[in-house]
Amino acid sequence: MILRFLSFFLIAFLLLSPFLRNLKKFTRNPVIIVAWDNSASMTASGDSAETVQSLSTLQQEIDDKLASDFEVINYRFGEQLETGEQLDFKEKKSDYSQMITGVNNNHFNQNIGALIIAGDGIYNQGRNPVNQLNEVAFPVYTIGFGDTTVVADSWIRNVRMNRTAFSGNKFPVEVDVQFSKLSDNPLKLTIFHNDTELESVIITPPNDNYFVTKEFILEAGSPGLQHYSAKIETVDNERNIDNNTSEFVINILEDKQKILILSDGWHPDIGAIKNTLEEQKSYDVSVFTEEPYPSNPEDFNLIILNQLPTAGKSLAQMIEKSEASRLPLLFIVGSHTFIPQLNTLEQGAKITPLAGSGEEAQAVINPSYATFKLSEDFRNILPKLPPLQVTFADYDLNAEFTPLFYQKLKNIETGKPLMATGKIDGRKIGFIFGEGIWRWRLFDYYQNQSHMRYNELVNQLVQYLALRENEDNFIIDFNPVYAETEDVILTAEVYDDAFERVTSGEVNIALRNSDDEEFSFTFDVQGEDYYLNTGHLPVGDYAFQASVELGNETYTENGNFTVTPVNLENIVTRANHTLLYQLASLSGGQFVLPDNAEELIDRLDSGNQLKSVSYYQEMINELLNLRWLFAVLLLLLSVEWFLRKYWGVY
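Following the numbering used here, the numbering of the sequence shown begins with 143 at its first residue and continues without gaps.
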């Protein structure tokens, strides 16, 4: 009876889900993080073999003396932070700030006893790491490698230019040159195109630490990716000559897209559109505000007609020529537009004026418009834009036309178009059914201190109307120049005949390098776009041909780009131990040279600066989770059953 009572009592007690509450002590040993500079500048000056041997010895000492008492975590860094201590010194950039941020993020809320940085202090990417010490809650110990001796050197620090120019145009190139211990030594700075010298200038540094910027005006030659280089003359005792030359690439376009703006007199809408287009390097804008107008409209990619035709200028001959050459048109309808003549031209829109004068209309976006996309920033500012002056009329668009904006009259949204685009027999036509769009440009600047949103609308509209037919259906977006340290990324857009974005076809691309080697890729579909990331490609020029099949049609796109070398690690090779000293002293650490690194390791090993951290955590355990209770219960029931059987008690 006693055993039976205890068994059932224990079962009933466990059914109440009792739990135990206790405190558990945890002890964390200090974490020592060691960051190894893996950039190319570590071995660019001095004896590289000695540097490699010194680093290897230091790594072994840290493992032997600190790993037993502390948790040692090794990182290597250059452009990115990576775990591990295997060094090859092939990183093209040095980013100390990213390293410190990565260490903080990876070891948040851990007991970091010290950060040891072994490097030369040269950073050429990211922020000054000294400015990030407010994020550091632990001492930083630095071991300075490299040579700090000031030697005679001239180097090109930077080359600034526009990546795109047009054949026959002139473009500026600015070259920053630094001189060290070369006072009164005349040196020649030269710009080369391939191996041909284009321009040069003699620079005589007036002191031993001289910086100067020189500007060259170059003429763009043949279309395509053209390679240039800036080279500063070397001297006999110059140790580092890898930084005397800097190469750059210019994408020379064959011609600009020519935009013709016609108007009966000057109007601020013309100036607003003209200023936006001229900010783009790809447009050549011509404006005519009175007759005679150009007789060769076929030489242009797009004609913008501001409040034309008028009562005295029918432009019938101009429209006839544009139809013959399949030339796109953009009509801006205003108070001077002769509506009956515009209707007679049959360009996709019929306007029936009603009794009364003009009225003000605000723009309301058409959510189903898919010819091109406008950013969220523009959509947000659109309701705030000033109204346009429109004709009080009924509007009838051809079936091939789609409104981009509707008219909002007296706070009532209507189905009347304010801006629309479409095609007539494959020829693109656009309409702006109101004047005063110049106010949108001013309002954008007043609201945002830039014309970015207004420029976006004008550029999107003009680009759509002026693009060649093949580009309408298949567009490849890429950069003409990539650095060897960045991924080569290309995106593609595919449109059907209704100019609706589709992703049903497979986009393939073949890359061919200068050695005539071919690489084939297939784009991935991401939403409404096609996306391709080829990763890092070797330095050189590449040509590509991309293709996609839509129904019975095959569309192709050709292009060229180049991958340029990154030589940042060769520009400055003089070690910056001042930076390492500041990182150590301002964080409570210590700066040492490699010869004294063993003393630093012994100090960390034997000192009391690094202490374990203990903390208690409340632990709650249900008794049901204790397996031994089930063993006791099983034992009680088993003994009770055995005795009952043995004594014959039922």
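All residues carry an ideal CB built from backbone N, CA and C; glycine is no exception. All values reported here derive from a predicted model rather than from experimental measurement.
Determine, using beta carbons only, whether residue i and residue j come nearer to each other than 7 Å.
{"i": "Thr-346", "j": "Glu-339", "result": "no"}
{"i": "Phe-308", "j": "Leu-402", "result": "no"}
{"i": "Gly-226", "j": "Ile-174", "result": "no"}
{"i": "Gln-267", "j": "Arg-299", "result": "no"}
{"i": "Leu-329", "j": "Ile-374", "result": "yes"}
{"i": "Asn-615", "j": "Tyr-637", "result": "yes"}
{"i": "Gly-564", "j": "Ile-571", "result": "yes"}
{"i": "Ser-405", "j": "Ile-412", "result": "yes"}
{"i": "Lys-398", "j": "Asp-441", "result": "no"}
{"i": "Ser-656", "j": "Asp-683", "result": "yes"}
{"i": "Arg-654", "j": "Ala-685", "result": "yes"}
{"i": "Arg-305", "j": "Asn-379", "result": "no"}
{"i": "Tyr-265", "j": "Ser-296", "result": "no"}
{"i": "Pro-736", "j": "Ser-196", "result": "yes"}
{"i": "Leu-607", "j": "Leu-444", "result": "yes"}
{"i": "Tyr-537", "j": "Ile-493", "result": "yes"}
{"i": "Arg-163", "j": "Ile-762", "result": "yes"}
{"i": "Thr-431", "j": "Trp-408", "result": "yes"}
{"i": "Ala-223", "j": "Trp-178", "result": "Sequence check: residue 223 is Leu here, not Ala. Cβ atoms of Leu-223 and Trp-178: not closer than 7 Å."}
{"i": "Leu-793", "j": "Leu-152", "result": "A question about residue 793 goes unanswered here, because the residues of the chain that appear run from 143 up to 792."}
{"i": "Pro-314", "j": "Ile-359", "result": "yes"}
{"i": "Lys-463", "j": "Pro-439", "result": "yes"}
{"i": "Arg-643", "j": "Glu-626", "result": "no"}
{"i": "Arg-581", "j": "Tyr-596", "result": "no"}
{"i": "Ala-491", "j": "Leu-551", "result": "no"}
Within 10 angstroms of its Cβ, does residue i collect 16 or more other Cβ (buried), or is it exposed?
{"i": "Asn-612", "result": "With a pLDDT of only 45 at Asn-612, under 50, the local geometry of the prediction cannot be trusted, and the value read off the model is given with reservation. Counting Cβ neighbours within 10 Å, Asn-612 comes out exposed, since fewer than 16 surround it."}
{"i": "Arg-218", "result": "buried"}
{"i": "Val-781", "result": "exposed"}
{"i": "Glu-699", "result": "buried"}
{"i": "Lys-312", "result": "exposed"}
{"i": "Thr-185", "result": "buried"}
{"i": "Thr-704", "result": "buried"}
{"i": "His-678", "result": "exposed"}
{"i": "Ile-144", "result": "exposed"}
{"i": "Gln-240", "result": "buried"}
{"i": "Phe-212", "result": "buried"}
{"i": "Gln-758", "result": "Just to set this straight, residue 758 is Tyr in the shown sequence, not Gln. The residue in question, Tyr-758, is exposed, as its Cβ has fewer than 16 Cβ neighbours within 10 Å."}
{"i": "Trp-770", "result": "exposed"}
{"i": "Ala-562", "result": "buried"}
{"i": "Val-714", "result": "buried"}
{"i": "Phe-150", "result": "exposed"}
{"i": "Leu-157", "result": "exposed"}
{"i": "Glu-711", "result": "buried"}
Taking residue i as part of the beta strand (DSSP E), name the residues at either end of that continuous run.
{"i": "Leu-152", "result": "Looking at the DSSP string, Leu-152 is not in any beta strand (DSSP E); the run it does join, the alpha helix (DSSP H), is 144 to 157."}
{"i": "Ala-186", "result": "Neither: Ala-186 is in no beta strand (DSSP E) and is coded neither H nor E."}
{"i": "Glu-341", "result": "338 to 345"}
{"i": "Asp-350", "result": "Run containing Asp-350: none; DSSP gives neither H nor E here."}
{"i": "Ile-507", "result": "501 to 507"}
{"i": "Ile-617", "result": "616 to 619"}
{"i": "Gln-399", "result": "399 to 405"}
{"i": "Tyr-283", "result": "282 to 286"}
{"i": "Glu-389", "result": "387 to 395"}
{"i": "Ala-685", "result": "682 to 692"}
{"i": "Ala-256", "result": "254 to 261"}
Going by DSSP, what residue range makes up the alpha helix (DSSP H) through residue i?
{"i": "Lys-463", "result": "458 to 466"}
{"i": "Trp-789", "result": "769 to 789"}
{"i": "Ala-608", "result": "594 to 608"}
{"i": "Ala-414", "result": "410 to 421"}
{"i": "Gly-244", "result": "238 to 248"}
{"i": "Ser-646", "result": "It is not in any alpha helix (DSSP H) - Ser-646 carries neither H nor E in the DSSP assignment."}
Within its chain, find whatever has a CB closer than 6 Å to the CB of residue i; leave out the 5 residues flanking it on each side and keep chain order.
{"i": "Gly-288", "result": "Asp-262 and Ala-717"}
{"i": "Pro-529", "result": "Glu-502, Ala-503 and Gln-504"}
{"i": "Asp-318", "result": "Arg-299, Asn-300 and Thr-355"}
{"i": "Asp-350", "result": "Lys-323 and Ser-325"}
{"i": "His-335", "result": "Tyr-370"}
Go through its chain and collect everything with a Cβ distance to residue i's Cβ below 8 Å, but skip five positions before and after it.
{"i": "Tyr-283", "result": "Ala-256, Leu-257, Ile-258, Ile-259, Ala-726, Gly-731, Gln-732, Phe-733, Val-734, Leu-742 and Leu-746"}
{"i": "Asn-650", "result": "Ser-662, Phe-663, Thr-664, Phe-665, Ala-688, Ser-689 and Val-690"}
{"i": "Gln-274", "result": "Ser-239, Ile-242 and Thr-243"}
With a threshold of 7 Å on Cβ separation, who are the neighbours of residue i within its own chain once the five nearest residues in sequence on each side are excluded?
{"i": "Glu-233", "result": "Asn-180, Ser-181, Ala-182, Gly-220 and Glu-221"}
{"i": "His-478", "result": "Asp-406, Gln-449 and Thr-452"}
My assumption, with CB atoms under 8 Å, is that residue i sits in contact with residue j. Please give the rounded CB distance.
{"i": "Val-623", "j": "Val-391", "result": "5 Å"}
{"i": "Leu-471", "j": "Gln-459", "result": "Contact flag wrong, Cβ pair sits at about 14 Å."}
{"i": "Phe-575", "j": "Val-532", "result": "6 Å"}
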